[in-house]
Every structure is written in structure tokens, then in C-alpha cells.
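Visitor: According to the working numbering, the sequence shown is numbered sequentially starting from 20. All C-beta atoms, glycine included, are put in the ideal place defined by N, C-alpha and C. Bear in mind the structure is a predicted one, so any value in this text is a computation, not a measurement. Encoded as C-alpha cells, here's the structure I'll be asking about.
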Amino acid sequence: MIRLCDTHFRNGPIGKLNHFFTVTLIEWIGHSYRKVCEGRTTETCDRLCVYFMEKKNPVLVIVYLTLLTGSILLFYITAWPNIPGHYLSDVHKYLVPIVIFFTYASFFIACKSDPGKVTRENVIKACKMFEYDFLIFEPKECKTCLFLKPARSKHCSLCEMCVAKSDHHCSWINNCVGLKNYRYFLLFLYATIQICFYGAYLIYHIFLDIAKKMNLAEAWITSIQTGRKVKISTYQAALFLIHHERVLGALGIFALLVGLVILIFFCYQLSLVYNGTTANEAFKWEEIEEIIMTGDLWVFEREIEEESRRRKKKNKEVSIVKGRTTAIYWIQPARHRKNKSSEGESEANGENSKQLGRQVKSMSEVRNIYDKGLWGNFKETVFPPSL
Ligand SMILES: [Zn+2]
Ligand SMILES: [Zn+2]
């Protein structure tokens, strides 16, 4: 079952957030950029835009490091003198440097790790790693690398290479995320969430400490309505403290918000692992769902031995599993598979009487062959096969 492609998932909060970050936000940035550059000399703007959007660049890496380092420096200036305190023990003196080191280390590992580059030397091994399902992946040559694209791989135009089990190109680490470094990417997300929430936790307890020292629990204010003295509420005390310690307050709120946003993204990535898919494949499944809704997806049962021989004639490097029956999907009409559909139709109607075509009416009729179950998917992520 392809749970990821269920309509409730795609149209749910995580699907919408994903759409916001991958489509809406980029469109908004492009729209704003055109507005800003309107009527001005756009040559420099165009060059900057091409550099930022179409070339591999370290802009967001620098932004991340600046935000992280700046926040840590602010933390050491404003929060560190309050540790240990009434609510924070000595152990945090040692934990804070460890958490900081872990965050930088996981970031650099994610930036520098090999995502699973497909080369002429390992392309056959990469092709044998995953079968083609003939639904979202079929044997096709990469026009840039000039070799067969393994199933689940994708050519990244920024990194200029094909990446095995490609997830996406992450500009925050200026690297592709794929078969070999997906675990490091998850580690990087986890480390960032951890430092954000840990920072917010420490700041919250420092505020409690300050409130205790100020004896805010006993503080009172004069009510405007009645003119009487009343005890201040927790909300008022919190506002007073944030106002009193603005930098520390802003740092705590920033850490909490960033932590929450990355946590949602982290959960989305874990759901992809759980479903045995990748971000790249999730978009392909969305396309399949739309094709099914328009009634254009047909399935033809074939014997795999016959398919194997036919494919091998076309390209000697292709190796497809033999010896059992499988289902091969063909998409119609020609707008989806310009060459394949006519080929598929003629073959389906003619030469082989064993073929039986039927229209696919719902996502429950298609199967994600890359989903190995909960344990299998997590094992493949944490201990990916060698390339
Ligand atoms: Zn390629
Ligand atoms: Zn890339």
C-alpha cells in the first residue's frame, strides 16, 4: 500500500507544509524578486538569481552557520552566567558544549558525505540494487551522464551527477540527499531540533530562576478598572520577564519556533522512510494519483522472463529479475508516455495473448515495490547497501 499518496495525507497539514516549502515559498520569492528588480538594471539581479537558484552554492550553508553561531554566542553572553541556577544543575555546564559540538559535527558530516553518486564503475551494481517497477521508474538513459539510470535514482543538475535512491537536493547542506547519506541528513535534522529545544528548555528555566530571584510570585499591579492591587498573572509575569530580558526572550522564542518547524519536517522525512519512499518518489506518486483520477492508467500483466529478454536487447547493461510473473503499468494517452504508450497499446492488443489490460481505478490497486515494511525500510536507511 502507498499510504503516502493517500489523499488525506497529501491534503493534510504535512502535505500542505511540504507544498508550501517546495512550491508556494519558491514562487513567492520569485514573484518578490521580479517586483524588486522591476525597472532596474536586472543584469546583476539575473546573475545573482541564476547563481542562487540554478548553481550549487553555499549561501544557505553560510546562513545556517551564521544563525547557529550567532545564537550560540548570544546564549553564552546572556544565558551562560545563569548556569547552574536554582532550576539547572551543574551537568548542563558539560552538556551544552557536547550538544553544540554534536550539532556542528552532524552538519559538516551531512554537507560532506557522499549521497550515493552513480558512476560508470558502479552503475551496474546500482541497477541491480532496486528493480524497475515500470510505474514510477523504468529503464531510461541519463542524458547528461550517458548511462542507464538505476531505479530510484535521479540526476541532480546542481551536483551534476546521478544519485542513487535520490531524495532531494538540500540547499541548507549544499548537497544531495540520497542512498548513502540519508541517515546523516536525519542526524543533522535531529541535532538541530535537539539544540533548539535544549536551548529553549535552558532559557525557560533561567527565566524561572530570574522570576524566583525577583519574587514575581508575590508581585502585584494596580488594576486600571478597579484601582485595587491584584497579584500578577503568569501571562503578565512572562511578558514582564521577556520585556526585562529581551535578548534572552527573543533567543528562546526563536529556538522554539525553529525547533518546531524542523520537527515537522523531520516527521515528514520519517513518514517517507516509514512508507518506503523518498521525497522524489512522493511527487511521482502524486502524478500517478492524478493520472488514475483522469482514468489514464492501465495495467497489463506480463511474464517477467519475456520482459527481461526484450529489455536486454535494447541495452546490454540492464538486468531485470527473471522467473516470476509481475505487473507492468502503462500510462495512456501519449501525453504521459509519448513513445511508450503506442508501443504498449500495439503490444497489448496484438502479439501476446497472455496480456490482459485493465484500467486502474484507485491507488489501492498499485503497489509500492520499494516498501520493505517498517523494519526493512529503517534498516535500509540506517545501513544502506554498499554502492
Ligand atoms: Zn545523470
Ligand atoms: Zn544535488
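Give me, in chain order, the residues of the same chain whose beta-carbon lies closer than 6 Å to that of Ala238; leave out the 5 immediate sequence neighbours on both sides.
Guide: Within the same chain, Ala238 has close Cβ partners Ile251.
Visitor: Could you name the residues of the same chain whose beta carbon sits closer than 8 Å to that of Leu208, not counting the 5 residues immediately before and after it, in chain order?
Guide: Excluding residues within five positions, the ones whose Cβ falls inside 8 Å are Ile281, Phe284, Phe285 and Gln288.
Visitor: Taking the alpha carbon of Arg53 as the point to measure from, which residue in Cys64, His188 and Leu44 has its own alpha carbon closest?
Guide: Looking at the Cα atoms, Cys64 is the closest of the given residues.
Visitor: Where Ala170 and Ala183 are concerned, what is the direct C-alpha to C-alpha distance, given to the nearest angstrom?
Guide: Approximately 8 Å, taken between the alpha carbons.
Visitor: In this structure, what does DSSP give as the bridge partners for Val182?
Guide: Answer is Lys136 and Lys173.
Visitor: Tell me the DSSP bridge mates of Leu87?
Guide: BP columns for Leu87 are empty, so no partner.
Visitor: Under 7 Å, do Ala298 and His187 count as touching if we go by C-beta distance?
Guide: Contact flag set, yes.
Visitor: Does the Cβ-Cβ distance between Arg377 and Val292 come in under 7 Å?
Guide: Cβ atoms of Arg377 and Val292: not closer than 7 Å.
Visitor: DSSP three-state call for Cys189: helix, strand or coil?
Guide: Looking at Cys189 - three-state DSSP - the assignment turns out to be strand.
Visitor: Under 5 Å, CB to any heavy atom of ligand 1. Which residues pass, going along the chain?
Guide: Qualifying residues come out as Cys161, Thr163, Cys164, His174 and Cys181.
Visitor: Tell me the start and end of each unbroken beta strand (DSSP E) in the region 191-241 that is at least 3 residues and wholly inside, in chain order.
Guide: List check, beta strand (DSSP E) in window: 194-196 and 239-241.
Visitor: Only counting the same chain, and skipping five residues up and downstream in sequence, which positions put a Cβ closer than 6 Å to that of Ala219?
Guide: These residues qualify, in order along the chain: Gly271, Ala274 and Leu275.
Visitor: Please look up how many angstroms separate the CB atoms of Ala145 and Ser172, rounded, as I've assumed it's under 8 Å.
Guide: That belief holds up - the Cβ atoms of Ala145 and Ser172 are roughly 7 Å apart, short of 8 Å.
Visitor: Using 7 Å as the threshold, is the C-beta distance between Asn200 and Ser132 below it?
Guide: It is a contact, given that the beta carbons lie within the stated cut-off.
Visitor: Going straight from the alpha carbon of Asp315 to that of Trp304, what length do you get?
Guide: Near 14 Å, if we compare the C-alpha coordinates of Trp304 and Asp315.
Visitor: Can you grab the Cα-Cα spacing for the pair Leu463 / Cys161, in whole Å?
Guide: Any property of residue 463 remains undetermined from this structure, which presents the chain solely from 20 to 406.
Visitor: I want to check one thing, is the minimum distance from the CB of His188 to the heavy atoms of ligand 2 below 6 Å?
Guide: Yes - ligand 2 has a heavy atom lying nearer than 6 Å to the Cβ of His188.
Visitor: Could you check the C-alpha separation between Phe397 and Ser405 for me, to the nearest Å?
Guide: The straight-line gap from Cα to Cα measures roughly 16 Å.
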